[in-house]
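Chains as they are written, first to last, in numbering that gives the first Met the number 0: chain A, 0 to 142; chain B, 0 to 142; chain C, 0 to 109; chain D, 0 to 109.
Here's the structure we're looking at; comments come further down.
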Amino acid sequence: MTDRELQRRFEADAKPESVNDLHDELDRFWSALDDVPFEDQMAFTTAVIEAASNVVEHGVPLDRDGVRLGVELNATSSRLQARILEINAAAHPDPLTPATGDPADLESGRGLFLINALVTTVTVERQGNTNIWVLSKESVPRQ
Amino acid sequence: MTDRELQRRFEADAKPESVNDLHDELDRFWSALDDVPFEDQMAFTTAVIEAASNVVEHGVPLDRDGVRLGVELNATSSRLQARILEINAAAHPDPLTPATGDPADLESGRGLFLINALVTTVTVERQGNTNIWVLSKESVPRQ
Amino acid sequence: MQFAIEDRGTYTEVVATGRLNMVSAPTLRATVDEAVGAGSRHIVVNLAATEFMDSSGLGALIGCLKVARQAGGDLRIACVQKQVQMVLELTNMNRVLAPYGTVEEAFARD
Amino acid sequence: MQFAIEDRGTYTEVVATGRLNMVSAPTLRATVDEAVGAGSRHIVVNLAATEFMDSSGLGALIGCLKVARQAGGDLRIACVQKQVQMVLELTNMNRVLAPYGTVEEAFARD
Ligand SMILES: Nc1ncnc2c1ncn2[C@@H]1O[C@H](COP(=O)(O)OP(=O)(O)O)[C@@H](O)[C@H]1O
Ligand SMILES: Nc1ncnc2c1ncn2[C@@H]1O[C@H](COP(=O)(O)OP(=O)(O)O)[C@@H](O)[C@H]1O
Chain A
0 MTDRELQRRF EADAKPESVN DLHDELDRFW SALDDVPFED QMAFTTAVIE
50 AASNVVEHGV PLDRDGVRLG VELNATSSRL QARILEINAA AHPDPLTPAT
100 GDPADLESGR GLFLINALVT TVTVERQGNT NIWVLSKESV PRQ
Chain B
0 MTDRELQRRF EADAKPESVN DLHDELDRFW SALDDVPFED QMAFTTAVIE
50 AASNVVEHGV PLDRDGVRLG VELNATSSRL QARILEINAA AHPDPLTPAT
100 GDPADLESGR GLFLINALVT TVTVERQGNT NIWVLSKESV PRQ
Chain C
0 MQFAIEDRGT YTEVVATGRL NMVSAPTLRA TVDEAVGAGS RHIVVNLAAT
50 EFMDSSGLGA LIGCLKVARQ AGGDLRIACV QKQVQMVLEL TNMNRVLAPY
100 GTVEEAFARD
Chain D
0 MQFAIEDRGT YTEVVATGRL NMVSAPTLRA TVDEAVGAGS RHIVVNLAAT
50 EFMDSSGLGA LIGCLKVARQ AGGDLRIACV QKQVQMVLEL TNMNRVLAPY
100 GTVEEAFARD
């Protein structure tokens with residue numbers, strides 16, 4: 000296993016079409032990183048798209064400039080990480096502790112449930128005018 | 000405190016307007032039971048309406064007859080109980096364990112969260128072609 | 000549930016009467032969309048006669064808040080009854096939608 | 000994402016190509032609504048070329064299943080790729096929407 004690190008940054012208006020642009024960015028990320036196991040790519044992409052879709056669907060803008068969606072992708076030789084930024088958005092009512100993923104508990108919103116089931120850790124924080132979700136997934140490159 | 004018991008049954012097509020008819024039925028239930036503390040009426044009504052709305056919104060019919068919404072209300076001198084029936088509906092993927100109500104966890108669907116926060120116990124079961132939610136709330140009549 | 004729109008000069012008042020649930024939520028959305036479309040920027044939803052609100056109603060209010068903010072304005076709520084207060088508190092949404100005691104107070108300090 | 004409708008005699012095939020996400024979900028709904036409105040009762044959604052599905056896409060499929068059943072028919076899915084299979088399994092929705100190996104098999108035993 001060789002040491003390597005790759006970073007990418009994406010930013011766009013939080014509108015549905017941006018989710019497709021982000022998906023294209025993720026596809027390019029995996030092309031640049033051809034040693035990530037396919038199962039990990041699939042799980043990580045799904046979690047990032049779910050989190051970004053939530054920003055588009057639920058983010059409440061602070062003003063007429065609307066919410067911006069930012070995504071920072073980072074891969075090292077031990078893990079994949081995405082920071083999903085909900086920029087210029089109202090604070091969440093509380094520091095949100097995402098639901099823990101009990102596979103039998105379909106009732107608690109499939110999006111957040113999937114995110115929790117697909118990555119290793121999820122944290123949520125507020126910085127300035129931005130809500131940030133950090134998704135991390137342990138993933139070791141194929142030999 | 001006097002011993003007393005009251006039962007009511009409601010059934011209608013699972014369509015939005017039925018939620019208003021059910022709400023009228025709940026209002027009549029409280030009129031017939033004028034010793035239930037107002038806070039308990041308010042909490043219980045909210046939980047029953049949330050559960051019934053979920054049946055209308057999410058129930059998947061087995062055939063063209065569509066889903067029917069049934070509600071059985073029961074009050075004794077120690078508790079309020081509602082059985083919410085999703086009749087002629089697809090089985091839920093698993094016996095559903097409703098999310099436990101952590102007030103800081105806004106992320107897991109406000110409807111189910113509210114139900115769990117407002118009543119004492121929630122159970123879900125399947126019988127024949129019907130999914131059943133049983134909501135119980137401890138409530139002692141005003142003296 | 001019925002909705003009435005009143006132009007109050009510096010703000011628009013939406014008076015909501017009845018139950019804010021899955022039946023009436025789309026009408027609230029349409030009413031506020033129309034007000035914002037017609038140029039209203041500061042909207043106060045008067046909930047004095049709203050006897051009941053569930054999570055669909057709350058979702059509609061938050062959707063309306065988005066529409067108002069995206070148009071460069073804001074939406075506030077006033078005169079909530081006990082049941083509405085209970086739902087706002089349990090969901091912690093009283094931080095995003097803080098209820099004002101009277102309609103006049105909602106934009107008084109802007 | 001693109002959708003194509005093919006009349007196969009005893010059933011209608013909807014071929015979905017691309018990503019089934021929040022952008023394309025409403026189009027799937029409209030496509031199936033149209034097919035059911037035009038009299039189709041047995042619908043097979045061919046997902047062979049659907050490389051990705053998220054919870055919005057899954058929600059749309061379930062909505063379409065409802066529409067088909069309410070019209071007295073049914074909707075089934077066929078030829079799912081690995082990512083779609085993963086989402087169906089994690090959400091346990093493979094019990095409500097069990098994927099068939101081929102489009103022909105979906106209604107073969109009815
Ligand atoms: N970025 C966000 N901003 C505000 N609320 C959110 C956000 N993401 C999720 N939520 C809340 O959490 C709930 C559950 O989300 P999710 O599981 O993705 O289901 P869905 O988005 O289909 O409702 C949402 O309905 C919403 O109330
Ligand atoms: N009666 C039901 N039948 C099927 N699925 C349900 C039912 N009730 C709830 N659900 C599932 O649980 C999720 C969360 O429900 P809820 O907390 O009420 O939020 P919402 O209905 O706003 O999405 C729903 O999105 C749905 O996927």
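Cβ atoms here follow ideal geometry from the backbone N, Cα and C, with glycine treated the same way.
Everything numeric in this text was worked out from a predicted model, so none of it was measured.
Bridge partner(s) assigned by DSSP for residue i
| i | result |
| --- | --- |
| residue 11 of chain B | B:68 |
| residue 17 of chain C | C:49 |
| residue 2 of chain C | C:15 |
| residue 136 of chain A | A:79 |
| residue 60 of chain A | A:88 |
| residue 73 of chain C | C:41 |
| residue 131 of chain A | A:84 and A:124 |
Proximity test, residue i beta-carbon vs ligand 1 heavy atom, cut-off 8 angstroms
| i | result |
| --- | --- |
| residue 55 of chain C | no |
| residue 17 of chain A | no |
| residue 58 of chain A | yes |
| residue 52 of chain B | no |
| residue 94 of chain C | no |
| residue 10 of chain A | no |
| residue 130 of chain A | yes |
Outcome for residue i when other beta-carbon atoms lying within 10 angstroms are tallied against a minimum of 16
| i | result |
| --- | --- |
| residue 9 of chain A | buried |
| residue 85 of chain A | buried |
| residue 96 of chain C | buried |
| residue 18 of chain C | buried |
| residue 120 of chain A | exposed |
| residue 102 of chain D | buried |
| residue 110 of chain A | buried |
| residue 142 of chain A | exposed |
| residue 65 of chain C | buried |
| residue 36 of chain C | exposed |
| residue 75 of chain C | buried |
| residue 56 of chain C | buried |
| residue 23 of chain D | buried |
| residue 1 of chain D | exposed |
| residue 12 of chain B | exposed |
| residue 30 of chain B | exposed |
| residue 106 of chain B | Since pLDDT at residue 106 of chain B reaches only 37, below the 50 mark, its modelled position is unreliable, and the value read off the structure follows with that caveat. With 16 or more Cβ atoms within 10 Å of its Cβ, residue 106 of chain B is classed as buried. |
| residue 98 of chain B | Because the pLDDT at residue 98 of chain B is just 41, under 50, the model does not fix this residue reliably, and the point stays unresolved. |
| residue 5 of chain B | exposed |
| residue 43 of chain A | buried |
| residue 37 of chain B | exposed |
| residue 67 of chain A | buried |
| residue 110 of chain D | Nothing about residue 110 of chain D can be reported from this structure: the residues present for chain D run from 0 to 109 only. |
| residue 95 of chain B | Confidence at residue 95 of chain B is low in this model, with a pLDDT of 46, below 50, so the placement of that residue should be treated as unreliable; the coordinate-derived value is given next. Buried, by the Cβ-count rule. |
Residue i CB to nearest heavy atom of ligand 2 below 8 angstroms
| i | result |
| --- | --- |
| residue 88 of chain B | yes |
| residue 117 of chain B | no |
| residue 62 of chain C | no |
| residue 49 of chain A | no |
| residue 43 of chain A | no |
| residue 85 of chain B | yes |
Checklist entry - Listed from N- to C-terminal order along the chain, which residues in the stretch 3-33 of chain D have their beta-carbon within a distance smaller than 8 angstroms of any beta-carbon of chain A? => result 18, 20, 21 and 22
Next on the checklist: With three or more C-beta pairs closer than 8 angstroms as the rule, is the stretch 43-54 of chain D touching the stretch 3-19 of chain D?
Outcome noted: yes
Next on the checklist: Any contact between the stretch 50-70 of chain B and the stretch 62-75 of chain D? By contact I mean 3 or more CB pairs, one from each, below 8 angstroms.
Outcome noted: yes
Next on the checklist: By the 9 angstroms beta-carbon criterion, what residues does the stretch 2-23 of chain A contribute toward chain D?
Outcome noted: 15, 16, 18, 19 and 22
Checklist entry - Per the contact definition of three or more C-beta pairs closer than 8 angstroms, is the stretch 42-61 of chain B in contact with the stretch 109-126 of chain B? => result yes
Next on the checklist: Taking beta-carbon pairs under 7 angstroms, can you tell me which members of the stretch 35-69 of chain D lie near chain B?
Outcome noted: 61, 64, 65, 68 and 69
Checklist entry - Counting pairs of Cβ atoms below 8 angstroms between the stretch 71-82 of chain B and the stretch 129-141 of chain B, do you hit three or more? => result yes
Item to check | Cβ-based contacts, 7 angstroms cut-off: residues of the stretch 46-60 of chain A near chain C | outcome: 59 and 60
Item to check | Contacting positions in the stretch 75-87 of chain C - beta carbon closer than 7 angstroms to chain B | outcome: 81, 82, 85 and 86
Checklist entry - the stretch 91-107 of chain C: which residues have C-beta closer than 9 angstroms to a C-beta of chain B, in chain order? => result 91 and 92
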